[in-house]
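Everything in the sequence shown is counted per the working numbering, starting at 258 for the first residue and increasing by one. Quick reminder that beta carbons are idealized off the backbone N, C-alpha and C, glycines included.
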Amino acid sequence: MTPIQLPDTGRRPALSGPAFGGILAFVAGYVDVVGFISLFGLFTAHVTGNFVMIGVDIAGDSAGLLAKLLALPTFALAVAATRLTESRMVRNSQSAPPLLLFAEATALVLFMIAGLQASPISDPDTPMAIGAGTLAVVAMGIQNALSRTSLSDLGPTTIMTGNTTQIVIDLVDLPSASEVERKAIRGRLKKMVPALAGFASGAALGALGYSVLSLWCVVLPIVLLLALSLSTWRDEANSLQK
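1. Would you report the Cα separation of LEU411 and LEU358, rounded to the nearest angstrom?
2. For LEU379, count the other beta carbons within 10 Å of its own beta carbon; 16 or more makes it buried, fewer makes it exposed. Which is it?
3. Which two residues bound the contiguous alpha helix (DSSP H) that contains ASP430?
4. Rank THR305, MET310, HIS303, VAL288 by C-alpha distance to the C-alpha of PHE297 and give the top, closest one.
5. Excluding the 5 residues flanking ILE479 on each side, which residues of the same chain have their C-beta closer than 8 Å to its C-beta?
6. Please say whether ALA302 and ASP289 have beta carbons closer to each other than 8 Å?
7. Please report how far the alpha carbon of GLY317 lies from the alpha carbon of LEU323, in whole angstroms.
8. Go through its chain and collect everything with a Cβ distance to ASP382's Cβ below 6 Å, but skip five positions before and after it.
9. Judging by CA-CA distance, which residue of PRO330, ALA386, ALA402, LEU326 is the nearest neighbour of ALA353?
10. Quick check on VAL351: does DSSP put it in helix, strand or coil?
11. What are the boundary residues of the alpha helix (DSSP H) that includes GLY321?
12. Run the CB neighbour count on VAL429, radius 10 Å, all protein chains shown included, and call it buried at 16 or more, exposed below.
13. Out of curiosity, what's the CA-to-CA distance linking LEU356 and SER350?
14. List, from N- to C-terminal side, the alpha helix (DSSP H) runs of 4 residues or more that fit wholly inside the segment 405–492.
15. Hey, out of THR406, ILE387, THR331, whose CA is closest to SER344's CA?
16. Quick check: the segment 331–342 against the segment 453–464, are at least 3 beta-carbon pairs closer than 8 Å?
17. Out of ALA371, PRO432, THR339, state which residue places its alpha-carbon closest to the alpha-carbon of GLY292.
18. Assuming the contact rule is C-beta atoms closer than 8 Å, GLY279 and PRO451 should be a hit. Round their C-beta distance to whole Å, please.
19. For GLY455 and GLY286, which I take to be in contact (beta-carbon distance under 8 Å), what is that distance rounded to the nearest angstrom?
20. Identify the continuous alpha helix (DSSP H) that holds PRO275 and give its terminal residues.
Below you can see the structure in the form of structure tokens.
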């Protein structure tokens, strides 16, 4: 089932399409795995997965329970703040994605710094460890919100269950579809397959990066987000000059 989307009230960046969505999905998969490994099973992108982990913690070791309990309200506040910021910028005829992608990168910088300060993290319930997890959740909350509004044409970039389901359905329907339906199916596959591939490769590289570099590995998604923010801002500025 295609996720319900909030109204798109922001101007889309000129730099868009499968590559843009694939990079954002890569970032989400990368950060989700790094957060899960470093913070004792905390999901930062697939935030509702923390409900399952809360049950696991209650049934067994309660380490990290507080961080998981705080993840959902933190995520909700991040989404709300993103939406409010975006709406204000749109009313002022400003493009929101460049600033909000920069804000996401900033949250990841703070996550990395807090996590390194807390390392080695032997107790996920220390204030510094909880703060680090909260910052990662904020970053992914920003990206989740953007995927429903200004960047809704890219499709979901943080949770792949819906994408995977739609890809399978489209592949089953494609052989018997009419030409009009095939065009729509190919359009969906064009954005969902790169997102799924990006998320999977991000998860794999995130695990490898953390095993080698610890939380220093978060530099990679930070650089990618800053590059997207800058490129989007430049493309937007160029489009306004034409």
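In short, the structure shows the following:
1. When rounded, the separation of the alpha-carbon atoms in LEU411 and LEU358 is 14 Å.
2. At residue 379 the sequence reads Ser, which differs from the Leu that was named. So SER379 ends up on the exposed side.
3. That run of the alpha helix (DSSP H) goes 418–430.
4. For PHE297, the nearest C-alpha among the options comes from MET310.
5. These residues qualify, in order along the chain: ALA362, LEU365, VAL366, MET369.
6. For ASP289 and ALA302, yes; Cβs fall inside 8 Å.
7. Near 14 Å, if we compare the C-alpha coordinates of LEU323 and GLY317.
8. Here the set comprises LEU323.
9. Measuring from the Cα of ALA353, the nearest candidate turns out to be ALA402.
10. Inspection of the sequence shows that residue 351 is occupied by Gln rather than by Val. Assignment of GLN351 by DSSP, reduced to helix, strand and coil, places it in the coil class.
11. First-last for GLY321: undefined, no H or E at that position.
12. Classification of VAL429: exposed, given that the 10 Å Cβ count is below 16.
13. Looking at the backbone, the Cα of LEU356 and that of SER350 are separated by about 14 Å.
14. Counting whole runs of 4 or more residues, the segment 405–492 contains the alpha helix (DSSP H) stretches 418–430, 436–470.
15. Considering only THR406, ILE387, THR331, the residue with the shortest C-alpha distance to SER344 is THR406.
16. With the cut-off at 8 Å, the segment 453–464 and the segment 331–342 do not touch.
17. Among ALA371, PRO432, THR339, the Cα nearest to that of GLY292 is on ALA371.
18. So it is a contact: roughly 4 Å between Cβ atoms.
19. Confirmed, about 7 Å.
20. Looking at the DSSP string, the run of the alpha helix (DSSP H) that includes PRO275 is 275–295.
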